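Here is the structure we will look at, set down as structure tokens.
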């Protein structure tokens, strides 16, 4: 996204980049966990009887990443379609459909090539994960972008609030409708053979709802809306989302497949309450995570330019950071395996969660410098390919 000259627009874009940057660093922690704590895997939802509080809340923090990315992708698409000039006057709208389709297809290409290889160093099994969900959601938004914004908002709300009612629908492999429903709502394998396996880890239907909501909320960042009014909207969205979460989840009414229960301690009771389904993301999951995103967007818009500047840097080139950190982790794991061998069953890993956080902190410092260089390079050049990173 092009940098804008007015102070209001700098704050506006900076707050979005800071939000992206924060979830990128949280994602880094989670991916370090997936590399070096794989001997203690977590399920979805998590098993609170076998998951320590430190592991539980580390994983819970990562739940904020995907909803934030997808929502901000939709919001950024609206900003792309409705640009402003240096005098804060509206410019002619741009063809967002073409941009979304091209970028969505590019992200899908990355998912089944560079990203898949970074996790398994092979292509025997393709895991269609978060980038698949983002790519498909962008293409879906492109197809639906001709609709009035109010209809996109209604459709997004219907999907996000209604998809939990579809949980009882299921298909078995080879049954008509199985492949489509697996891609939309039930994670699983859509192809299993000796040559190739394809597993849908991120069913896309709820994520399509989230990107539609993000696009519909784009005018919150219009120049016609001043900072104070936008702040009231963000706080209002936070309050409504959190209140609905407390009501629906607190009373086990609707929106989550696994009801919470009182446990033997306060911490495990809290874990039960926050033990939310991510695949696909339940209504409770989305209300909880998007509430936090709205609050942080409100807060980030009120920090000084010199505060949390490193978050702005990481968030300005998210795709570059995403691919870079995956391959750095792949190399790190290979080196560790060569030096220490499999010290945790079939894996090489560490003993404690605090070590995962320490490794992630060190990596963030190391990766900051190439990310900062690429961010500066991108801001000074207008090559078309840079828009995709």
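Numbering (the numbering used here), first residue to last: 57 to 445.
A virtual CB, placed ideally from N, CA and C, is assigned to each residue, including glycine.
Note that the structure is predicted; figures quoted are calculated from it, not measured.
On the three-state DSSP scale, how would you describe residue i?
i, result
"residue 192", "helix"
"residue 333", "coil"
"residue 128", "helix"
"residue 182", "strand"
"residue 424", "helix"
"residue 437", "coil"
"residue 136", "helix"
"residue 310", "coil"
"residue 403", "strand"
"residue 398", "coil"
"residue 297", "helix"
"residue 339", "helix"
"residue 203", "coil"
"residue 101", "coil"
"residue 389", "helix"
"residue 76", "helix"
"residue 106", "coil"
"residue 383", "helix"
"residue 174", "helix"
"residue 120", "coil"
"residue 32", "The chain is shown from 57 up to 445; residue 32 falls before or after that span and cannot be answered."
"residue 162", "helix"
"residue 223", "coil"
"residue 217", "helix"
"residue 115", "helix"
"residue 89", "helix"
"residue 150", "coil"
"residue 96", "coil"
Rounded to whole angstroms, what is the Cα-Cα separation between residue i and residue j?
i, j, result
"residue 356", "residue 370", "14 Å"
"residue 190", "residue 196", "10 Å"
"residue 414", "residue 429", "24 Å"
"residue 306", "residue 241", "25 Å"
"residue 117", "residue 219", "24 Å"
"residue 95", "residue 408", "11 Å"
"residue 157", "residue 260", "16 Å"
"residue 427", "residue 161", "24 Å"
"residue 127", "residue 238", "22 Å"
"residue 155", "residue 165", "15 Å"
"residue 192", "residue 110", "33 Å"
"residue 393", "residue 437", "40 Å"
"residue 374", "residue 275", "23 Å"
"residue 230", "residue 263", "25 Å"
"residue 86", "residue 243", "20 Å"
"residue 113", "residue 100", "14 Å"
"residue 309", "residue 292", "23 Å"
"residue 141", "residue 90", "Note that residue 141 has pLDDT 47, beneath the 50 cutoff, so the model's placement of it is unreliable and the number below is only indicative. Whole-angstrom Cα-Cα distance: 44 Å."
"residue 395", "residue 385", "15 Å"
"residue 115", "residue 79", "13 Å"
"residue 152", "residue 288", "28 Å"
"residue 278", "residue 77", "22 Å"
"residue 69", "residue 431", "14 Å"
"residue 418", "residue 406", "15 Å"
"residue 298", "residue 397", "46 Å"
"residue 194", "residue 132", "11 Å"
"residue 515", "residue 410", "Coverage of the chain is limited to positions 57 through 445, which leaves residue 515 absent and any answer about it impossible."
Would residue i and residue j qualify as a contact pair, given that the criterion is a beta-carbon distance under 8 Å?
i, j, result
"residue 257", "residue 319", "no"
"residue 246", "residue 235", "yes"
"residue 301", "residue 347", "yes"
"residue 383", "residue 174", "yes"
"residue 73", "residue 361", "no"
"residue 290", "residue 350", "yes"
"residue 354", "residue 294", "yes"
"residue 253", "residue 181", "yes"
"residue 345", "residue 204", "no"
"residue 317", "residue 333", "no"
"residue 149", "residue 138", "yes"
"residue 423", "residue 434", "no"
"residue 216", "residue 342", "yes"
"residue 199", "residue 187", "no"
"residue 81", "residue 420", "yes"
"residue 380", "residue 75", "no"
"residue 88", "residue 416", "yes"
"residue 331", "residue 304", "no"
"residue 179", "residue 412", "no"
"residue 280", "residue 183", "no"
Does the beta-carbon of residue i, which I'm using as the reference point, lie nearer than 7 Å to any heavy atom of the ligand ATP?
i, result
"residue 372", "The ligand content of the structure shown is nil, which means the ligand ATP is not present either."
Exercise. Okay, do the stretch 274-286 and the stretch 315-323 touch, 3+ Cβ pairs below 8 Å being the bar?
Worked result: no
Exercise. Counting Cβ pairs, one atom from each stretch, are 3 or more of them under 8 Å apart for the stretch 329-339 and the stretch 104-124?
Worked result: yes
Exercise. Whole beta strand (DSSP E) runs in the stretch 225-280 with 3 or more residues, listed along the chain?
Worked result: The qualifying runs are 244-248, 253-256.
Problem set entry | 4 or more residues per run - each alpha helix (DSSP H) lying fully within the stretch 344-379 | 365-372
Problem set entry | Meets three-Cβ-pair contact criterion under 8 Å: the stretch 103-112 and the stretch 381-391 | The stretch 103-112 and the stretch 381-391 do not touch, with fewer than 3 CB-CB distances between them shorter than 8 Å.
Exercise. Are there three or more Cβ pairs, one per stretch, closer than 8 Å when the stretch 269-279 is compared with the stretch 196-213?
Worked result: yes
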